[in-house]
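Trainee: Here the sequence shown stands for residues 0 to 118, numbered as in numbering that gives the first Met the number 0.
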Amino acid sequence: MVFLKSPELLQLSGDVAKTWRLFKQKLELFLTASVTGGKSMPAPTKTALLLSIARDDALDVYNYFVFSVDEDRQDCATIVGKFDGYLAAQLNKVHEIFLFCRRVQEQGEPAEKFIRDLR
Numbered sequence: 000m001v002f003l004k005s006p007e008l009l010q011l012s013g014d015v016a017k018t019w020r021l022f023k024q025k026l027e028l029f030l031t032a033s034v035t036g037g038k039s040m041p042a043p044t045k046t047a048l049l050l051s052i053a054r055d056d057a058l059d060v061y062n063y064f065v066f067s068v069d070e071d072r073q074d075c076a077t078i079v080g081k082f083d084g085y086l087a088a089q090l091n092k093v094h095e096i097f098l099f100c101r102r103v104q105e106q107g108e109p110a111e112k113f114i115r116d117l118r
């Protein structure tokens with residue numbers, strides 16, 4: 000019997016884009032390697048594995064996802080898409096904070112323009 004090492008837990012701090020990309024890749028490899036007898040894993044099982052491997056931070060985020068009527072809460076691809084959207088939004092916030100902190104008023108630049116750019 001071959002035992003597979005599951006991906007490390009998902010850290011939703013630091014470089015979340017890189018961490019999520021690597022986690023997704025490792026999860027896909029893990030799910031592919033976990034297939035037995037040529038049968039693919041049922042969607043609810045994949046989702047349960049995703050959320051149990053990702054751990055507490057990811058489960059907290061998952062609990063706040065809003066699903067439309069036609070979206071399946073048990074579909075792993077839907078959940079991964081939701082995490083993609085959530086983490087992209089987080090990355091944009093970090094980028095905006097970086098740009099805000101980096102902005103310096105140029106010599107001779109009117110204060111109104113500088114303040115407008117900060118908004």
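All residues carry an ideal CB built from backbone N, CA and C; glycine is no exception.
Quick one: grab the DSSP three-state call for Lys38.
Mentor: As a working mapping, residue 38 is identified with position 39 in the sequence shown. Lys38 falls in the strand class under three-state DSSP.
Trainee: Give every residue of the same chain whose Cβ lies closer than 7 Å to the Cβ of Leu117, excluding the five residues on either side of it in the sequence, and list them in chain order.
Mentor: The count along the sequence shown starts at 1 and reaches residue 117 at position 118. Only Phe99, Arg102 meet the Cβ criterion.
Trainee: Given 8 Å as the limit, is there contact between the segment 88-97 and the segment 55-63, that is, 3 or more CB pairs closer than that?
Mentor: Taking 8 Å as the limit for Cβ pairs, the verdict is that the segment 55-63 does not touch the segment 88-97.
Trainee: At which residues does the alpha helix (DSSP H) containing Asp55 begin and terminate?
Mentor: For the purposes of this step, residue 55 is taken as residue 56 along the sequence shown, with counting starting at 1. Where Asp55 is concerned, the enclosing alpha helix (DSSP H) stretches over 55-62.
Trainee: Which residue comes first and which comes last in the alpha helix (DSSP H) that contains Asp116?
Mentor: Position 117 of the sequence shown, counting from 1, holds the residue named residue 116. Segment 110-117, the alpha helix (DSSP H) holding Asp116.
Trainee: State the CB to CB distance for the pair Leu8 and Arg54, rounded to an integer number of angstroms; the pair is presumed to be in contact (CB under 8 Å).
Mentor: Stepping through the sequence shown from its first residue, residue 8 is reached at position 9. Stepping through the sequence shown from its first residue, residue 54 is reached at position 55. Leu8 to Arg54, Cβ: 4 Å. Contact.
Trainee: Beta carbon of Leu50, beta carbon of Cys75: below 7 Å?
Mentor: Position 51 of the sequence shown, counted from the start, is the residue given in the question as residue 50. Position 76 of the sequence shown, counted from the start, is the residue given in the question as residue 75. Not a contact, by the Cβ cut-off of 7 Å.
Trainee: May I have the straight-line CA-CA distance separating Lys45 from Leu30, to the nearest angstrom?
Mentor: As a first step, residue 45 must be located in the sequence shown, where it is residue number 46. As a first step, residue 30 must be located in the sequence shown, where it is residue number 31. Approximately 7 Å between the Cα atoms of the pair.
Trainee: Need the endpoints of the alpha helix (DSSP H) that Glu27 sits in, please.
Mentor: Here residue 27 is taken as the residue at index 28 of the sequence shown, counted from 1. Where Glu27 is concerned, the enclosing alpha helix (DSSP H) stretches over 15-32.
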